[in-house]
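One structure below.
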Amino acid sequence: MSKANFDPLKFVGATKFQTRFRPFVRFFVNRFWKFSLIGFDQIPKTGPAILCANHISFLDSVFLLTHSPRNMSVVGKSEYMDSWKTRWLFTKIGMIPLDRSGGESASSAMIAVEAVLARGELFGIFPEGTRSRDGKLYKGRTGAARLALKFGCPIYPVGITGTSAIMAPDTVMPKFGKKCKIEIGPPIDTQKYMSRTDDPEVLRELTDEVMSKIQALTNQQYLYEYAPKRSSVNRTHI
1 MSKANFDPLK FVGATKFQTR FRPFVRFFVN RFWKFSLIGF DQIPKTGPAI
51 LCANHISFLD SVFLLTHSPR NMSVVGKSEY MDSWKTRWLF TKIGMIPLDR
101 SGGESASSAM IAVEAVLARG ELFGIFPEGT RSRDGKLYKG RTGAARLALK
151 FGCPIYPVGI TGTSAIMAPD TVMPKFGKKC KIEIGPPIDT QKYMSRTDDP
201 EVLRELTDEV MSKIQALTNQ QYLYEYAPKR SSVNRTHI
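Numbering (UniProt numbering), first residue to last: 1 to 238.
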């Protein structure tokens, strides 16, 4: 199934498979790596909520989803749909594929995400839109803010550190025995923005607040520009 042939609306997010999958994977990852988990008790037991995290490694979503106290759906790049192995596994565990080039399929993915929040479930997203290959924190995209204001749900900033040393971008095998810290900060009160939903600047303001809270958790250098694509980073280092 190529990117051109899949319909994101067919992917429903987290299912009962993830309920069984998370404890199983957590058993193993907790033996391979040492985790410091902070603030997970803040995640509400019921109702919709959005977790916004920085993104420095492929393992970010794995570790965050694995240690979540509730099922959580996430978006992932549509390229994972090109292989039947990753397509089967990632969609089973709650990934909704997103074509990052935009267009109709990207809009369909957002409709699928809206269905997740409408059911009162958790949704995880990386506002930078791609992994940071230099360890810096980049300007966030406004999708999470748009969803939060539409559903009136809180956004929890998440800071992940250590995963770049475990599995850096473009590497195949992780390094075992290293430490990872995942810290969930206090929820951002999106209600204070609700009276300004017709203001074209409100999504940017809320997104910038989210990124500021993430930066406070990770202490990454923050660049107010969108993360470069992989090819751009590679050209920079040639």
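Ideal Cβ placement from N, Cα and C applies to all residues, glycine included.
All figures in this text were calculated on a predicted structure; none of them were measured in a lab.
If only uninterrupted alpha helix (DSSP H) runs of at least 4 residues are considered, those enclosed by the segment 152-208 are 163-166.
Under the DSSP assignment, Phe123 falls in the beta strand (DSSP E) whose first and last residues are 122-125.
CA-to-CA, the gap between Glu205 and Lys139 works out to about 12 Å. Ranked by how close their Cα comes to the Cα of Gly124, the residues Tyr226, Pro169, Val62 have Val62 in first place. Out of Ser73, His55, Met95, Leu37, the CA that lies nearest to the CA of His67 is found in Leu37. DSSP links Met95 through a beta bridge to Val74. Between His55 and Ser164, the gap from beta carbon to beta carbon reaches 8 Å or more. The alpha-carbon of Leu51 is positioned some 12 Å away from that of Leu147. For Ile38, the secondary structure class from DSSP, reduced to helix, strand or coil, is strand.
Looking at the backbone, the Cα of Ser57 and that of Ala168 are separated by about 6 Å. When rounded, the separation of the alpha-carbon atoms in Gly143 and Leu122 is 15 Å.
Note on geometry: alpha-carbon atoms of Asp198 and Ala14 lie some 32 Å from one another. Where Lys229 is concerned, there is no enclosing alpha helix (DSSP H), because DSSP gives it neither an H nor an E. In the DSSP assignment, Ala49 is bridged to Leu122. Residues of the same chain with a CB within less than 7 Å of the CB of Gly120, apart from the 5 flanking positions on each side, are Thr46, Gly47, Pro48 in chain order.
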